[in-house]
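Take 160 as the starting number for the sequence shown in the working numbering and just add one per residue. For glycine and all other residues, C-beta sits at the position ideal for the given N, C-alpha and C. Right, one structure below, let's go through it.
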Amino acid sequence: MLQPFFATPLQKILGLIIALLAIVLVFGTAIVLVQRRDRLHATYRHSDPTPEAVVNLSAKKNENIAAYTGLGEIRALTRSPDEEHAGTVLVVTPWFSYSKDDNALFEELSQKNRQCRALVSDFFASYTRKELQVMGEQAVKDALLNAVNRELVLGAITAVYFNEYIFFE
Numbered sequence: 160m161l162q163p164f165f166a167t168p169l170q171k172i173l174g175l176i177i178a179l180l181a182i183v184l185v186f187g188t189a190i191v192l193v194q195r196r197d198r199l200h201a202t203y204r205h206s207d208p209t210p211e212a213v214v215n216l217s218a219k220k221n222e223n224i225a226a227y228t229g230l231g232e233i234r235a236l237t238r239s240p241d242e243e244h245a246g247t248v249l250v251v252t253p254w255f256s257y258s259k260d261d262n263a264l265f266e267e268l269s270q271k272n273r274q275c276r277a278l279v280s281d282f283f284a285s286y287t288r289k290e291l292q293v294m295g296e297q298a299v300k301d302a303l304l305n306a307v308n309r310e311l312v313l314g315a316i317t318a319v320y321f322n323e324y325i326f327f328e
């Protein structure tokens with residue numbers, strides 16, 4: 160004759176405890192995963208649109224924006240936070256948007272390519288990693304926009320974007 164699965168009161172209590180532990184583990188795991196996902200997303204930067212996406216979007220809005228991507232990847236060293244530690248290596252790939260009709264500005268940007276690369280490097284060298292992070296990516300872009308436009312004579316760029324903006328320890 161077959162006995163029921165929970166034949167004694169002790170077995171019933173143990174079965175109930177195991178079921179409650181399983182429920183706590185499942186819900187606890189779900190809560191931790193949801194909270195961790197929120198924290199991880201807060202530390203990651205949201206990538207900028209690609210140059211092609213900005214140009215295509217501007218064409219749809221009849222704005223005629225072009226992208227200058229000639230600077231390429233720049234490796235810069237941030238200012239040292241103190242005498243004991245070195246600065247942090249930063250890899251940034253900036254690109255600029257400007258009016259598509261401004262051929263003179265494109266030529267000036269092409270001729271001043273090295274100067275713009277040096278300007279970006281010098282900008283990051285004047286701040287510590289912590290100062291740049293506190294400043295925020297948008298403020299960095301705004302400061303670079305102003306710095307580049309001060310150096311340009313034949314026109315002005317309209318925005319600065321980053322394909323990469325990565326700090327290395």
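Count the C-beta pairs between the stretch 224–239 and the stretch 293–300 that are closer than 8 Å, then say yes if the count reaches three, no if not. No: fewer than three Cβ pairs fall under 8 Å.
Which residues DSSP lists as bridging ALA235, in chain order: Taking the first residue of the sequence shown as 1, we reach residue 235 at position 76. Bridge partners of ALA235: LEU249.
Nearest candidate by alpha-carbon position, reference GLY314, set VAL193, PHE255, LYS289: Walking along the sequence shown from the start, residue 314 turns up at place 155. Residue PHE255 is the option with its Cα nearest to GLY314.
Looking at C-beta atoms only, is the number of pairs between the stretch 306–320 and the stretch 270–285 that lie closer than 8 Å three or more? Cβ pair count under 8 Å is three or more, so yes.
Tell me, please, which residues DSSP counts as bridged to PHE326. Walking along the sequence shown from the start, residue 326 turns up at place 167. Residue pairing of PHE326 in beta bridges, as defined by DSSP: LEU249.
Could you pull the start and end residues of the alpha helix (DSSP H) that ALA315 belongs to? Locating residue 315 in the sequence shown gives position 156, counting from the first residue. Here ALA315 belongs to no alpha helix (DSSP H), and DSSP marks it neither H nor E.
So which of VAL248, ALA178, VAL319 has the shortest CA-CA distance to TYR257? Position 98 of the sequence shown, counted from the start, is the residue given in the question as residue 257. Put simply, of VAL248, ALA178, VAL319 the residue whose alpha carbon is nearest the alpha carbon of TYR257 is VAL319.
Using alpha carbons as the reference points, say which of ASN223, ILE224, GLU266, THR287 lies closest to ARG242. On the sequence shown, position 83 is the one that residue 242 refers to. The sequence given here has Glu at residue 242, not Arg. Comparing Cα positions, the closest option is THR287.
Which of the three DSSP states is assigned to SER269 in this structure? Reading the sequence shown from its first residue, position 110 is the one you call residue 269. Reduced to three states, the DSSP call for SER269 is helix.
Could you pull the DSSP bridge partners for SER256 from this structure? For this step, residue 256 is matched to residue 97 along the sequence shown. Assignment of beta-bridge partners to SER256 by DSSP yields ALA226, ALA318.
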